[in-house]
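Participant: Chains as they are written, first to last, in this note's numbering: chain A, 527 to 868; chain B, 527 to 868. Right, I'll just put the structure down here and ask away after.
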DNA sequence: ATAAAATATGCAAACGTTTGTTGAAGAATT
DNA sequence: AATTCTTCAACAAACGTTTGCATATTTTAT
């Protein structure tokens with residue numbers, strides 16, 4: 527249970543002062559080569575590690591980034607975090623992860639602890655229910671860069687890294703149309719979230735651009751869960767003029783739909799095509815595998831972290847929105863023509 | 527971009543000193559009720575947040591727990607982290623997540639940054655390749671509680687929270703035997719990891735206890751991946767006296783096995799039964815769903831965090847191993863009798 | 001009324017690092 | 001030889017909080 531080696535211990539041992547040690551370790555030009563070398567060797571030998579708490583205090587901020595996500599046990603968020611970490615560690619930062627569990631109170635609590643911790647920046651993906659964004663203002667007011675990804679406020683005064691949900695949805699539906707499907711249903715998410723609104727718009731636009739009718743009865747708003755997808759599909763298939771394809775705003779409900787169809791021995795993709803959204807890991811484990819829109823979480827994470835570092839060094843704040851184009855991963859559930867993966 | 531409110535600002539405003547403010551905020555008995563009230567009200571009004579960097583420096587340690595895991599985008603680890611976070615936040619701590627990516631160098635790097643950050647404790651699940659545990663000694667030497675979970679060193683001088691892999695495997699194989707399977711193959715993990723050794727032992731013991739022969743040809747060591755499971759199953763099924771069930775040390779290879787069997791139109795569970803390990807999310811999404819051994823990650827996480835807090839407050843270090851019993855989740859891939867889920 | 005005890009607050013140091021300023025010594029210039 | 005420059009290192013203050021000790025005030029006991 528040895529005591530931690532400080533800069534002062536090194537100073538004493540070399541008969542010099544803490545300031546010299548500090549400068550030597552940072553390759554300050556005012557320190558002679560010989561001294562710098564001596565100091566570094568001793569530091570190495572004594573296994574010195576900078577006390578970042580002390581240096582954070584002195585500097586007024588720490589080398590830590592706070593990340594708030596609804597939950598980490600979703601492929602997408604886990605990947606985003608991986609991406610953030612990668613860039614952060616490259617820059618000598620580390621990452622504090624906070625789960626909001628989609629609860630507003632937890633978000634607020636996390637904001638407070640992150641401020642207390644003196645994080646250098648905060649990256650956030652909002653919870654479902656969050657409509658009041660003022661708690662986040664505290665962060666910016668303190669001059670701490672704040673970046674939203676994936677689920678962001680709908681006002682214009684923040685920095686956001688988003689998926690082009692509309693384009694993703696458009697691609698998905700266009701693909702279904704290309705495959706010859708004509709009555710395409712949509713399992714839509716809660717309308718209050720702009721991201722689901724965008725997916726629905728992409729769906730509608732694709733239909734319109736192809737001269738297909740928009741049928742309200744084919745649009746089912748649901749809670750994105752597997753069970754809801756199952757039930758929605760059941761209802762749709764038992765309606766008068768059932769759809770020949772479904773584009774779901776969620777992979778989970780796409781899976782639900784798939785399970786219902788398999789139960790009824792309705793052939794996928796021959797009779798009904800399916801496309802989901804998010805490219806969850808399980809989409810390539812089903813039979814048939816589910817075509818899905820990939821949001822490349824890791825890229826979003828990397829991007830968000832990079833934007834944070836930009837922001838940290840710049841002193842002018844420019845609200846902006848960066849939109850990454852998602853990619854359609856075509857798999858068996860929607861591929862009834864010859865066409866191959868793009 | 528307001529400046530952060532400090533204890534000194536409050537002191538000035540109330541015409542008192544920082545020490546009084548600090549004590550009042552901590553309900554120190556030496557401060558009068560009236561003063562305490564005044565201080566707290568002002569703190570609230572000015573939106574004061576303690577600067578935990580400063581208090582960490584003063585205290586010599588921070589209210590942060592470091593967690594090192596191979597990767598977070600695995601259900602098990604994501605759940606463990608959820609569990610750790612839950613307990614940590616209840617105690618006013620937060621959590622720094624580090625991914626080792628199963629690389630030794632990354633582990634070492636993370637150890638160093640965590641020490642620099644002044645974490646109050648470190649919870650670790652080792653990477654695959656880690657055989658030299660001395661880098662972790664630095665942590666304990668500094669008096670920082672160090673707790674291993676799931677993948678731990680095999681020496682006796684540390685605190686470990688483990689799954690009873692042997693018991694889990696035993697349960698799995700016993701279940702297969704109960705279901706009438708008799709030639710049960712085992713897809714084993716790398717033998718140098720004690721956890722896979724334990725699973726293999728559980729498999730062997732269960733066979734022995736039921737008077738079944740141990741056949742070396744039915745034990746295939748593989749890298750736990752889906753493709754390896756597929757190939758292993760192919761080889762097994764094309765051997766002279768093929769197995770009628772397979773117990774895999776990994777859900778991914780269990781899935782590979784399942785996919786091979788389905789491709790060959792071999793009926794599951796009628797002709798061949800399958801049991802996996804880890805209860806990954808996708809096991810209940812396949813057709814049929816895969817029976818698997820659940821390691822209840824969240825519980826392990828909670829437990830580990832609790833042990834850390836115990837350790838933090840105790841001053842005697844007692845190496846110990848806590849073994850949690852995993853649960854067999856019985857699903858369609860192994861259920862050919864009437865017996866129901868337990 | 002005085003001494004002792006209890007209560008409430010202030011003072012100052014400490015945690016380890018960083019950095020502006022100062023000063024001493026040696027090198028270069030005149 | 002005297003002066004100016006340059007190079008290197010030391011000094012000291014600061015970041016915000018906490019806490020042992022000292023001090024001032026009030027209360028209680030004698």
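Virtual Cβ for every residue (Gly too), placed ideally from N, Cα, C.
Whole angstroms are fine: how far does the CA of residue 775(B) sit from the CA of residue 851(B)?
Facilitator: 16 Å
Participant: Does any CB atom of chain A fall closer than 8 Å to the CB of residue 611(B)?
Facilitator: yes
Participant: Tell me, please, which residues DSSP counts as bridged to residue 772(A).
Facilitator: 711(A) and 800(A)
Participant: Run through the DSSP bridge pairs and tell me what residue 647(B) is partnered with.
Facilitator: 591(B)
Participant: Can you find at least 3 beta carbon pairs, one from the segment 702 to 718 of chain B and one from the segment 662 to 678 of chain B, that sit closer than 8 Å?
Facilitator: In this structure the segment 702 to 718 of chain B does not lie against the segment 662 to 678 of chain B, because fewer than three pairs of beta carbons, one per stretch, are closer than 8 Å.
Participant: Do you know how far the Cα of residue 786(B) is from the Cα of residue 641(B)?
Facilitator: 47 Å
Participant: Return the CA-CA distance between residue 549(A) and residue 587(A), expressed in angstroms with no decimal places.
Facilitator: Residue 587(A) has its alpha-carbon roughly 19 Å from the corresponding atom of residue 549(A).
Participant: Suppose the cutoff is 7 Å on Cβ atoms and the five residues either side in sequence are ignored; what does the same chain contact list for residue 653(A) look like?
Facilitator: Counting only Cβ-Cβ distances below 7 Å, and skipping sequence neighbours, we find 596, 626, 628, 629, 630 and 633.
Participant: Can you give the Cα-Cα distance for residue 825(B) and residue 767(B), rounded to whole angstroms?
Facilitator: 41 Å
Participant: Tell me the DSSP secondary structure of residue 867(B) in three-state form.
Facilitator: Low confidence applies to residue 867(B): its pLDDT is 43, below 50, so where it sits in the model is not reliable enough to give any reading.
Participant: Is the segment 721 to 736 of chain A in contact with the segment 758 to 765 of chain A, if contact means three or more CB pairs nearer than 8 Å?
Facilitator: no
Participant: Shortest alpha-carbon distance to residue 569(B) belongs to which of 584(B), 555(B) and 551(B)?
Facilitator: 551(B)
Participant: Whole angstroms are fine: how far does the CA of residue 599(B) sit from the CA of residue 601(A)?
Facilitator: 6 Å
Participant: Given a cut-off of 8 Å, decide if residue 645(A) and residue 609(A) are closer than it, judged by their beta-carbon atoms.
Facilitator: no
Participant: For a contact defined as C-beta to C-beta under 7 Å, what are the partners of residue 604(B) on chain A?
Facilitator: 598, 599 and 604
Participant: Taking the beta carbon of residue 812(B) as the centre, do at least 16 other beta carbons fall within 10 Å, making it buried, or is it exposed?
Facilitator: buried
Participant: Let me confirm a value: residue 553(A) is counted as buried when at least 16 other C-beta atoms fall within 10 Å, else exposed. Which label applies?
Facilitator: exposed
Participant: With a threshold of 8 Å, are at least 3 pairs of Cβ atoms found where one atom belongs to the segment 748 to 762 of chain A and the other to the segment 778 to 797 of chain A?
Facilitator: yes
Participant: Tell me, please, whether the CB atom of residue 588(A) is closer than 8 Å to any CB atom in chain B?
Facilitator: For residue 588(A), the answer is yes, since a Cβ of chain B falls inside 8 Å of its Cβ.
Participant: Would you mind listing the alpha helix (DSSP H) stretches within the segment 784 to 861 of chain A that are 4+ residues and don't spill past its ends, in chain order?
Facilitator: 823 to 839
Participant: What is the residue span of the beta strand (DSSP E) that residue 686(B) lies within?
Facilitator: 685 to 689
Participant: Secondary structure at residue 762(A), three-state DSSP: helix, strand or coil?
Facilitator: Three-state result, residue 762(A): helix.
Participant: Return the Cβ separation of residue 752(B) and residue 719(B) in integer angstroms, given the expectation that the two are a contact with Cβ distance under 8 Å.
Facilitator: Actually they are not in contact, since the Cβ atoms of residue 752(B) and residue 719(B) sit about 19 Å apart, beyond 8 Å.
Participant: Check the Cβ of residue 608(A) against every Cβ in chain B and list those closer than 8 Å, keeping chain order.
Facilitator: 597, 598, 599 and 625
Participant: Less than 8 Å between CB atoms is the rule here; does residue 725(B) satisfy it with respect to chain A?
Facilitator: no
Participant: Expressed to the nearest angstrom, what Euclidean distance is found between the alpha-carbon atoms of residue 773(A) and residue 849(A)?
Facilitator: 22 Å
Participant: Excluding the five sequence neighbours on either side, which residues of its own chain have a C-beta within less than 8 Å of the C-beta of residue 783(A), listed in chain order?
Facilitator: 713, 755, 756, 758, 759, 772, 774 and 800
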